[in-house]
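*Asks:* Residue numbers (the numbering used here), protein chains in the order written: chain A, 1 to 632; chain B, 1 to 207.
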Ligand SMILES: Cc1ncc(C[n+]2csc(CCOP(=O)(O)OP(=O)(O)O)c2C)c(N)n1
């Protein structure tokens, strides 16, 4: 439904996720090159572009190997004279930032926008990183929207600012903004055909080092000064007039929580909503707080605004009382909502909250005391379930459970730290398992084992692998080849012969790659033949040198999609109760959500509606009780 | 619409919660109402607990404050209880009677040799919910969907039940049209029937 809203040519209002609204805005701004590596909460931006790339046919799109490559790709396109855009999650910017700092120095040509999403509460990230600091640190403008409408408008504005000052522009969101849907007024869609350019017509210099860098730094400072006025007066920094000596300064989704909290309390305090985080509208902030006696600063994560506002207050209003994180009113952890903001405003004003929120929370905790938790598990049919089971069996049979260290990486298989596996000694950042293994193998007596998925392999693991092989390290590496980047929505990656929109691409030959790098051995296993995986894993772990185990079987969700597109049926399994001897191997160590217990006879029961027919459960069953349902 | 009407959707990944929220979104927009949602997209795996904050009228924040949801629609019964802090006193709960047991619970049930450990039951869910509200509509959504001619019309059963609530801000007519315009054409009749069965069952529960 909303892809239709992204495609339509006329202006209209539509109910859109901010992620969709930003795609629409970029298309209205005639973006010509987009490149992404997926990551929550921005994956829908890439997925939406993929869905419309053939429809428009007038822009180029690549699914990049990682965020740094994606950023460099769009920067290159900008240097070549066309508008371009990328989007990445917070930690993606850590990967891309090396290039970003230099691009800030050299500047660009055509409009180039980077959407960068933080994740307060770490819903789907390794940390609650606050990426607002990147703007200031790199001398790159950074803006922050509160909802879909503003996200849409800011993308268009960002392209203009980027061109005017020949700079990258960062558009910072948070998960709650990316994944909120609201009514958005769209503009007209006037696209132009894609045209190749000649370098001599667009060319400029893009290098920075030493003396050049020193010169560029001076220019960069001037650029920042030049931008200030336009940012000061931007429509995205707005004051909502109100009454009283207490005011509020906020930004992003916190502005919405604040406005609703004030409505609930029946108060109308003056509010300054900041949209341009870098450069900050310092004069506007100073004017706003000059005559206040208290200001409440509502921002998630670090006291970024608070620190800067406190510094400004020292000059314009030294006796101003600042309610924020430093006085303990707000936390630097987790994400905010209306009750959290309402409580602080109410306390500051000395009134009660509109609802006794604690009563609801306490009562709910009491009501839910015996409610079983629903922790994340692998999907029915997931090949990782079989791989991890066989891996643990191999360790048990080798009797080396206590003589190994297992460095895991980022992907669905990260869940190995949860039950029923509950093992993993580290899991930090994409590709980090290799470098961590390098350090550990220098020091530990134990066998060092690392694990990556195919997407992680090509994202950031390759340098770590080259490093291990080069140094003759004794490390066993599992590569979980499930064809796609599963965790973020089964996107294509260099391990598939496809690019965005299903267009053809060249699949990297993984087996040859390891051979060429000089791995001591490469063993390929099929996790659906779960039992048969144990011996080859034992052998590979037992060997000295850099040994690779490739566990190859496509992601179950992706596999189902392929089967459906080929018109094939997805088989279902059942438990043959005659054979079943209540051993529960399939329950204890396997955790398939399709398996439940029949409380009438305590035999297991396979839920047909959930089962994917992989029969990995038959493989772990000592008596082979699970089997396919015949005729269906 | 002066007041804001808040609905919290809850379910298990893979059940089609996003589609359910999309149908209601279309119905509200077509009826000229303002809508805002706060959704969970995050990770792709199935079987996790997911929710959508769905707000009609004059919402400002995408998130419903605790104790402020007028309605909780759960595609799985225990998920209704999981988000109970959002429901206002005497709010409406519409839920499927279906329970999908988490794997850790299955393990506890299987391995208890004394057989004292039992699965969390529908009646336990209902008992807890009734401490907060008398308006609980528990539906055999799968049974009704099958009765309507297509097991995959459970969503329409639940939306049909919402239409049975007197204070629901979207008319039954608009709701049904939105459902029928978004489902595959082949399944239109079954969905229309499922919607009606949901409304009937909902009306019966509220009496
Ligand atoms: C730098 C960075 N970029 C993106 C992500 C988001 N992310 C989390 S898991 C994942 C997929 C990894 O894919 P793969 O290694 O193939 O494992 P799979 O999920 O397919 O098992 C991605 C892209 C991240 N955590 N860090």
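Don't be surprised by glycine CBs; every beta carbon is placed ideally from N, CA and C.
Quick one: any contact between the stretch 28-44 of chain B and the stretch 620-632 of chain A, if contact means 3 or more CB pairs under 8 Å?
*Replies:* Proximity of the stretch 28-44 of chain B to the stretch 620-632 of chain A falls short of the contact definition, fewer than three beta-carbon pairs being nearer than 8 Å.
*Asks:* With a threshold of 7 Å (Cβ to nearest heavy atom), would residue 456/A be considered close to ligand 1?
*Replies:* yes
*Asks:* To the nearest angstrom, report how far apart residue 86/A and residue 497/A are at their CA atoms.
*Replies:* 22 Å
*Asks:* Please compile the residues from chain B whose C-beta is within a distance smaller than 7 Å of the C-beta of residue 412/A.
*Replies:* 45
*Asks:* For residue 210/B, would you say it is in contact with chain A, using Cβ-to-Cβ distances shorter than 8 Å as the test?
*Replies:* Residue coverage of chain B in this structure runs from 1 to 207, which leaves residue 210/B outside it and unanswerable.
*Asks:* Tell me, please, whether the CB atom of residue 56/B is closer than 8 Å to any CB atom in chain A?
*Replies:* no
*Asks:* Quick check on residue 179/A - is its C-beta less than 8 Å from some C-beta in chain B?
*Replies:* With 8 Å as the cut-off, residue 179/A counts as an interface residue toward chain B.
*Asks:* Using the three-state DSSP reduction, which class does residue 619/A fall into: helix, strand or coil?
*Replies:* helix
*Asks:* DSSP state of residue 254/A, grouped into three classes?
*Replies:* helix
*Asks:* Consult DSSP for residue 491/A and reduce its assignment to one of helix, strand or coil.
*Replies:* strand
*Asks:* Would you list, in chain order, the members of the stretch 109-123 of chain B that have their beta-carbon closer than 8 Å to a beta-carbon of chain A?
*Replies:* 109, 110, 111, 115, 118, 119 and 120
*Asks:* Measuring from the CB of residue 528/A, is there a heavy atom of ligand 1 at a distance below 7 Å?
*Replies:* no
*Asks:* Measuring CB to CB, does residue 31/B end up less than 8 Å from residue 182/B?
*Replies:* no
*Asks:* Pick from 25/A, 14/A, 26/A and 555/A: whose alpha carbon is nearest that of residue 25/B?
*Replies:* 14/A
*Asks:* What number of angstroms, rounded off, separates the C-alpha of residue 121/B from the C-alpha of residue 167/B?
*Replies:* Using only the alpha carbons, I get a separation of about 30 Å.
*Asks:* Mind pulling the chain B residues with CB within less than 7 Å of residue 360/A?
*Replies:* What residue 360/A touches in chain B: 66, 67 and 85.
*Asks:* Taking 6 Å as the limit between beta carbons, can you name the residues of its chain near residue 67/B, skipping five residues before and five after?
*Replies:* 88
*Asks:* Since I believe residue 79/B is in contact with residue 11/B (beta carbons under 8 Å), could you give me their beta-carbon distance rounded to a whole number of angstroms?
*Replies:* Cβ-Cβ separation between residue 11/B and residue 79/B: approximately 6 Å, consistent with a contact (criterion under 8 Å).
*Asks:* Can you pull the chain B residues whose beta carbon is under 7 Å from the beta carbon of residue 597/A, in chain order?
*Replies:* 106, 109 and 110
*Asks:* Any contact between the stretch 277-285 of chain A and the stretch 231-247 of chain A? By contact I mean 3 or more CB pairs, one from each, below 8 Å.
*Replies:* The stretch 277-285 of chain A makes contact with the stretch 231-247 of chain A: 3 or more CB pairs, one atom from each, lie closer than 8 Å.
*Asks:* So does residue 384/A have its beta carbon nearer than 7 Å to some heavy atom of ligand 1?
*Replies:* yes
*Asks:* Look at the Cβ atom of residue 446/A, then the Cβ atom of residue 410/A, and state whether they are nearer than 8 Å.
*Replies:* No, these two residues do not count as a Cβ contact at 8 Å.
*Asks:* Please list, in chain order, all residues of the same chain as residue 2/A whose beta carbon is under 6 Å from its beta carbon, the five residues on each side excluded.
*Replies:* 16 and 20
*Asks:* How about residue 126/A and residue 428/A: do their beta carbons lie closer than 8 Å?
*Replies:* It is a contact, given that the beta carbons lie within the stated cut-off.
*Asks:* Any heavy atom of ligand 1 within a distance shorter than 7 Å of the CB on residue 89/A?
*Replies:* Distances from the CB of residue 89/A to the heavy atoms of ligand 1 include at least one below 7 Å.
*Asks:* Starting from residue 163/A, follow the beta strand (DSSP E) in both directions and report where the run begins and ends.
*Replies:* First-last for residue 163/A: 148-165, but that is the alpha helix (DSSP H), not the beta strand (DSSP E).
*Asks:* With 16 other CB atoms within 10 Å as the buried threshold, where does residue 207/A fall?
*Replies:* exposed
*Asks:* So does residue 482/A have its beta carbon nearer than 7 Å to some heavy atom of ligand 1?
*Replies:* yes
*Asks:* What does the alpha-carbon distance come out to for the pair residue 163/B and residue 146/B?
*Replies:* 20 Å
*Asks:* Measure the alpha-carbon distance for residue 177/A versus residue 56/A and round it to whole angstroms.
*Replies:* 27 Å
*Asks:* With distances taken from CA atoms, which of 196/B, 55/B, 61/B and 98/B is nearest residue 261/A?
*Replies:* 61/B
*Asks:* Using 10 angstroms around the beta-carbon of residue 1/B, count the other beta-carbons present and answer buried if the total reaches 16, otherwise exposed.
*Replies:* exposed
*Asks:* Okay, do the stretch 545-563 of chain A and the stretch 371-389 of chain A touch, 3+ Cβ pairs below 8 Å being the bar?
*Replies:* yes
*Asks:* Which residue or residues does DSSP assign as beta-bridge partners of residue 84/A?
*Replies:* Assignment of beta-bridge partners to residue 84/A by DSSP yields 33/A and 112/A.
*Asks:* Determine whether the beta carbon atoms of residue 276/A and residue 236/A lie at a separation below 8 Å.
*Replies:* yes
*Asks:* Starting from residue 383/A, trace the alpha helix (DSSP H) in both directions and tell me its first and last residue.
*Replies:* 383-397
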